[in-house]
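Its first residue numbered 19, the sequence shown is counted upward by one per residue in our numbering.
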Amino acid sequence: MSTKKIIAICQSGGEFATNKEDGSLYYTGGEAYALDLDQQTLLKDFKHELSETFQYSVDGMTIKYFLPGNKKTLITISKDKDLKRMINFFKDSDQVEVFILAEEPVARNVSNMPASRSSRTTLSEAVVPPTVPQDLIHAYDPVDMEEPIDTTPLDVYDEKHRRAAILWENIITGVNQRFNSFPEFREALHKYSIAHGFSYKYKKNDSHRVTVKCKSEGCPWRIHASRLASTQLICIKKMNANHTCEGTSVKAGYRSTRGWVGNIIKEKLKVSPNCKPKDIAVYIKREYGIQLNYSQAWRAKEIAREQLQGSYKEAYCQLPFLCEKIMETNPGSIATFATKEDSSFHRLFVSFHASLSGFQRGCRPLIFLDSTLLYSKYQGTLLAATAADGNDGVFPVAFAVVDEETDENWHWFLSELKSAVSTSSQITFIADFQKGISESLHDIFGKDCYHGYCLRYLAEKLNKDLKGQFSHEARRLMVQDLSAAAYAPKLDAFERCVENIKAISPEAYNWVIQSEPAHWANAFFGGARYNLMTSNFGQLFYSWVSEVDELPITQMVDVIRGKIMELIYTRRVDSSQWTTRLTPLMEEKLQNETSKAESLKVLLSHGSTFEVRGESVDVVDIDHWDCSCKRFQLIGLPCCHAIAVLNCLGRSSYDYCSRYFTTESFRSTYAESIKPVPNVEKPETTDLDGSVVIVTPPPTKRPPGRPKMKLADSLDVIKRQLQCSKCKGLGHNKKTCNKHNAVENPVLETQLLTAVATEEPEGST
């Protein structure tokens with residue numbers, strides 16, 4: 019590897035802005051330093067140098083950069099591999115721009131919140147942080163209509179807070195001071211009251227004038243502002259700055275609204291979008307002295323998130339624009355949506371041309387179908403179709419957002435997928451065994467597909483149906499045997515596994531036999547699964563979704579698009595350095611089989627048929643790529659028996675590998691690129707006419723309470739069940755055991771027996 023150095027232009031303290039013409043980002047302000055990087059540079063060393071340069075904490079900084087030629091997507095460097103990949107991206111360049119974001123950065127240019135009318139009295143906060151960034155002074159309307167948050171009263175400002183209050187002490191200077199809008203004036207008034215420690219109330223508060231007086235009875239402090247004639251400016255016309263009340267020594271429980279707290283934490287959420295409400299409460303308490311409970315912090319976070327990400331409701335209105343832009347910027351892509359009769363959102367289907375082309379040109383005809391719940395305001399479900407590339411990496415093919423997971427929506431999704439994926443090969447689908455998916459696959463793809471049941475869902479169903487009948491250990495063993503039966507390549511191995519289940523429970527054995535092994539067992543399955551048995555193979559894709567599933571729908575789709583775009587780019591760059599005929603993972607598998615073949619003995623049987631002796635005796639038909647062990651057919655690579663035969667014949671084992679595992683096919687998979695979609699959040703304003711499609715949110719909303727835990731990856735679905743230590747029964751303990759309690763209470767038992775003995779027979783007089 020070349021040791022050429024590149025110069026990293028490290029910038030911090032500025033802000034990102036958007037170019038209105040093409041939607042690209044650019045960085046403005048702050049300071050910059052130049053540091054040297056090469057392939058031997060470690061991330062921890064780079065961070066340490068940045069820490070010394072910018073005086074940031076090593077753990078509190080985030081490093082980002084733009085992909086070459088793409089000023090719309092920022093890539094995060096979180097490990098050494100990410101740093102080396104960046105250096106490799108810019109190896110032909112002399113320099114790279116790197117942006118350093120601190121955990122609590124100085125942010126700027128926060129837009130003002132719209133004002134709302136109210137005559138509600140609004141009290142100011144009692145505490146101000148030691149250093150208040152100018153961005154935090156913006157965008158608060160103290161007369162919004164939300165319920166105020168009660169905060170812990172503070173007797174007198176301490177020295178730390180007094181120094182902080184100085185920042186706002188002269189934010190209002192007096193008569194003739196001008197402001198751009200009433201919200202800006204109200205905001206300044208709010209900060210002024212914090213600095214001087216008094217509360218106030220509105221006497222007049224409308225779109226033409228604002229009159230405010232001190233809330234203390236008899237205090238002459240008063241201010242009046244109105245619009246400056248023939249302008250949009252707001253001017254202070256009268257002000258009595260004298261207080262006869264206690265002023266800064268007043269002891270009161272100051273209040274702040276959720277909107278104000280939301281604006282305070284907005285910039286924090288930009289850096290840490292997954293910041294928890296309890297962390298927000300700690301931050302507000304530490305920096306402002308305001309005590310929030312969990313609910314208040316959560317609501318403040320929701321307000322801040324909506325200010326940053328836009329309205330969930332408006333996002334649905336932007337869906338037609340989003341679909342149009344996707345197909346316009348990425349020709350050949352499919353982006354379509356449907357609404358219900360009341361114009362509420364029903365479903366959205368997205369598949370990019372790069373994904374469709376990559377699947378058809380380089381991926382195995384194998385698709386994994388799965389779904390995941392979305393936890394945004396209006397919930398919904400994401401349906402996804404993913405494939406496996408030649409290195410067993412996840413390759414997203416298509417996805418859909420639907421209002422709920424139903425048989426009808428699955429049928430629609432598969433219909434859209436059928437029209438998008440045009441291939442002559444028979445496709446194998448790995449999916450849940452639910453009736454709706456099975457029937458839809460049969461109706462839409464007919465004989466052109468195979469449906470393999472997801473082993474994980476099958477194991478969960480077995481465990482669920484047997485729960486309460488068997489101990490934890492018995493169920494665990496049966497699930498293990500079920501998995502072994504699924505992977506068993508030959509009939510005799512399958513039968514041994516199910517016999518093990520039968521030895522534990524004949525009922526469980528019957529369950530397995532009736533679960534259609536032809537759809538999940540290697541010994542019977544007719545399609546090609548390449549030993550990939552679960553539908554959550556695309557876990558990488560679902561992890562992306564879990565990171566953004568609370569975003570408004572248009573932003574979520576765009577972030578997923580950016581993730582797929584980056585995935586395609588990085589894998590294309592990585593594969594350009596491969597020198598092997600097969601992809602790295604398949605090369606490793608082939609070499610493992612080759613090492614096993616060295617100890618095998620080959621005997622010629624007839625024509626292209628050979629007998630191979632080792633721990634077992636296997637028969638290889640090399641011309642038909644067939645071995646009696648069945649691994650050759652199952653995984654698409656020569657097994658050790660086939661490789662032993664090929665070595666005897668002087669042939670290359672590479673010629674007998676599936677074409678899907680070659681480096682050439684891998685590069686074909688990632689040959690096409692996904693293009694950026696500009697201005698996805700802010701569609702250009704157009705004249706509304708009858709052709710405009712209105713999309714409203716679906717009627718479902720996120721229910722209260724903690725979201726359900728998402729499925730894990732492994733097949734370990736067995737949870738330990740209660741077992742009574744006295745009667746050995748399941749589902750209860752000795753305290754709730756009826757038999758045990760009867761024995762422990764002989765008096766009660768005697769009373770019950772006496773009552774039964776003396777009870778008159780039915781029908782007697």
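Quick reminder that beta carbons are idealized off the backbone N, C-alpha and C, glycines included. What you are looking at is a predicted structure, and each value in this text was computed from that prediction instead of being measured.
With distances taken Cα to Cα, identify the nearest neighbour of Glu434 among Ala418, Ser217 and Arg494.
To locate residue 434, count along the sequence shown from 1; it is residue 416. Of Ala418, Ser217 and Arg494, the residue nearest in Cα terms is Ala418.
Let's test the definition: count the other Cβ atoms within 10 Å of the Cβ of Ala26 and tell me whether it reaches 16, buried, or not, exposed.
For the purposes of this step, residue 26 is taken as residue 8 along the sequence shown, with counting starting at 1. Buried.
Of the choices Tyr527, Ser593, Gly470 and Ala511, whose alpha-carbon is the least far from that of Ala536?
For the purposes of this step, residue 536 is taken as the residue at position 518 of the sequence shown. When only C-alpha atoms are compared, the closest one is Gly470.
Local Cβ density within 10 Å of Ser30, reported as buried at 16 or more and exposed below that:
Stepping through the sequence shown from its first residue, residue 30 is reached at position 12. Burial call: buried.
Evaluate contact between the stretch 247-256 and the stretch 79-86, counting only Cβ atoms and requiring at least three cross-stretch pairs below 8 Å.
Output reads no: the stretch 79-86 does not touch the stretch 247-256.
Helix, strand or coil at Gln498 [DSSP, three-state]
Here residue 498 corresponds to residue number 480 of the sequence shown, with the count starting at 1. Helix at Gln498.
According to DSSP, simplified to helix, strand and coil, what is Lys62?
To locate residue 62, count along the sequence shown from 1; it is residue 44. Note: Lys62 maps to helix in three-state DSSP.
At which residues does the beta strand (DSSP E) containing Tyr330 begin and terminate?
By one-based count along the sequence shown, residue 330 stands at place 312. Counting along the chain, Tyr330 falls outside any beta strand (DSSP E), though it belongs to the alpha helix (DSSP H) covering Tyr330 to Cys335.
Let me know the beta strand (DSSP E) ranges lying completely inside the stretch 408-487, each 3 residues or longer, listed in chain order.
412-420, 445-449 and 467-471
Report yes if the CB atom of Leu366 is closer than 8 Å to the CB atom of Ala322, and no otherwise.
Along the sequence shown, one-based indexing puts residue 366 at 348. Along the sequence shown, one-based indexing puts residue 322 at 304. Going by C-beta atoms, Leu366 is not nearer than 8 Å to Ala322.
Spatial neighbours of His242 within its chain, please: C-beta separation below 6 Å, excluding the five flanking residues on both sides.
Counted from its first residue, the sequence shown places residue 242 at position 224. Excluding sequence neighbours, His242 sits near Thr229, Lys255 and Lys256.
What residue from Leu207, Ala526, Thr399 and Ser489 has the CA that sits closest to Tyr560's CA?
The sequence position of residue 560 within the sequence shown is 542, counting from 1. The residue with the shortest Cα to Cα distance from Tyr560 is Thr399.
Please list the terminal residues of the continuous beta strand (DSSP E) segment that includes Thr94.
Within the sequence shown, the letter at position 76 stands for residue 94. First-last of the beta strand (DSSP E) with Thr94: Asn88 to Ile95.
I'd like the ranges of any beta strand (DSSP E) spanning at least 3 consecutive residues and lying wholly in the stretch 202-235.
218-223 and 227-232
What does the alpha-carbon distance come out to for the pair Ser442 and Gly556?
Counting from 1 along the sequence shown, the entry for residue 442 is found at position 424. Counting from 1 along the sequence shown, the entry for residue 556 is found at position 538. Their Cα atoms are separated by approximately 24 Å.
C-beta contact flag for Arg579 and Val439 at 8 Å
Numbered from its first residue, the sequence shown carries residue 579 at position 561. Numbered from its first residue, the sequence shown carries residue 439 at position 421. No; because the gap between Cβ atoms is not below 8 Å, this pair is not in contact.
Separation of Glu629 from Val635, as counted between CA atoms:
Counting from 1 along the sequence shown, the entry for residue 635 is found at position 617. Counting from 1 along the sequence shown, the entry for residue 629 is found at position 611. Their Cα atoms are separated by approximately 7 Å.
In the structure shown, what three-state DSSP assignment does Val577 receive?
Position 559 of the sequence shown, counted from the start, is the residue given in the question as residue 577. Helix, per DSSP.
For a test of the three-state rule: what should DSSP assign to Arg669, helix, strand or coil?
On the sequence shown, residue 669 is found 651 positions in, with the first residue counted as 1. Reduced to three states, the DSSP call for Arg669 is coil.
Start and end residues, beta strand (DSSP E) containing Gly31:
Your numbering for residue 31 matches position 13 in the sequence shown. Ile24 to Thr36 is the span of the beta strand (DSSP E), which, as asked, contains Gly31.
What number of angstroms, rounded off, separates the C-alpha of Leu61 from the C-alpha of Asn409?
Counting from one through the sequence shown, the residue named residue 61 turns up at place 43. Counting from one through the sequence shown, the residue named residue 409 turns up at place 391. Taking the straight line from one Cα to the other gives about 27 Å.
Taking Cβ to Cβ, would you say Leu618 is nearer than 8 Å to Arg631?
Here residue 618 is taken as the residue at index 600 of the sequence shown, counted from 1. Here residue 631 is taken as the residue at index 613 of the sequence shown, counted from 1. Result yes, Cβ atoms of Leu618 and Arg631 sit closer than 8 Å.
Within its chain, find whatever has a CB closer than 6 Å to the CB of Gly654; leave out the 5 residues flanking it on each side and keep chain order.
Counting from one through the sequence shown, the residue named residue 654 turns up at place 636. So the list reads Tyr548 and Ser676, once near-sequence residues are dropped.
Where Gln573 falls, given that 16 or more other Cβ within 10 Å makes a residue buried:
Residue numbering aside, residue 573 sits at position 555 when the sequence shown is read from its first letter. The residue in question, Gln573, is buried, as its Cβ has 16 or more Cβ neighbours within 10 Å.
On the three-state DSSP scale, how would you describe Thr718?
Numbered from its first residue, the sequence shown carries residue 718 at position 700. Three-state DSSP puts Thr718 in coil, outside helix and strand.
Please name the residue in Glu525, Gly48, Glu49 and Lys395 whose C-alpha comes closest to that of Glu332.
Counted from its first residue, the sequence shown places residue 332 at position 314. Comparing Cα-Cα distances from Glu332 to each of Glu525, Gly48, Glu49 and Lys395, the minimum goes to Lys395.
CA-CA distance, Lys453 and Leu473?
Here residue 453 is taken as the residue at index 435 of the sequence shown, counted from 1. Here residue 473 is taken as the residue at index 455 of the sequence shown, counted from 1. Near 16 Å, if we compare the C-alpha coordinates of Leu473 and Lys453.
Judging by CA-CA distance, which residue of Val620, Arg240 and His364 is the nearest neighbour of Lys219?
Start at 1 with the first residue of the sequence shown, and residue 219 comes out as number 201. Nearest C-alpha to Lys219: Arg240.
So, Ala416 versus Ile586, is the Cβ gap smaller than 8 Å?
Within the sequence shown, numbered from 1, the residue matching residue 416 stands at position 398. Within the sequence shown, numbered from 1, the residue matching residue 586 stands at position 568. No; because the gap between Cβ atoms is not below 8 Å, this pair is not in contact.
I'd like to know if the stretch 206-217 and the stretch 231-238 are in contact, where contact means that at least 3 CB-CB pairs between them fall below 8 Å.
yes
Can you tell me whether Arg304 is buried or exposed, with buried defined as 16 or more other CB within 10 angstroms of its CB?
Here residue 304 corresponds to residue number 286 of the sequence shown, with the count starting at 1. Arg304 is exposed by the Cβ-count criterion.
Can you tell me the Cβ-Cβ gap for Asp450 and Tyr475, rounded? I've got them flagged as a contact below 8 Å.
Walking along the sequence shown from the start, residue 450 turns up at place 432. Walking along the sequence shown from the start, residue 475 turns up at place 457. With a Cβ gap of about 5 Å, Asp450 and Tyr475 count as contacting.
Work out the CA separation of Pro602 and Glu690 for me, nearest whole Å.
Numbered from its first residue, the sequence shown carries residue 690 at position 672. Numbered from its first residue, the sequence shown carries residue 602 at position 584. Distance between the alpha carbons of Glu690 and Pro602: 21 Å.
Shortest alpha-carbon distance to Phe431 belongs to which of Ala406, Gly41, Tyr505 and Ser458?
Locating residue 431 in the sequence shown gives position 413, where the first residue counts as 1. Residue Ser458 is the option with its Cα nearest to Phe431.
Determine the closest residue to Gly545 out of Gly350, Val420, Lys465 and Glu285, with distance taken between C-alpha atoms.
Taking the first residue of the sequence shown as position 1, residue 545 is located at position 527. Closest option to Gly545, Cα to Cα, is Lys465.
Taking only heavy atoms of the ligand GDP into account, decide whether any of them is closer than 7 Å to the Cβ of Pro86.
Among the components modelled here there is no ligand, and therefore nothing to report on the ligand GDP.
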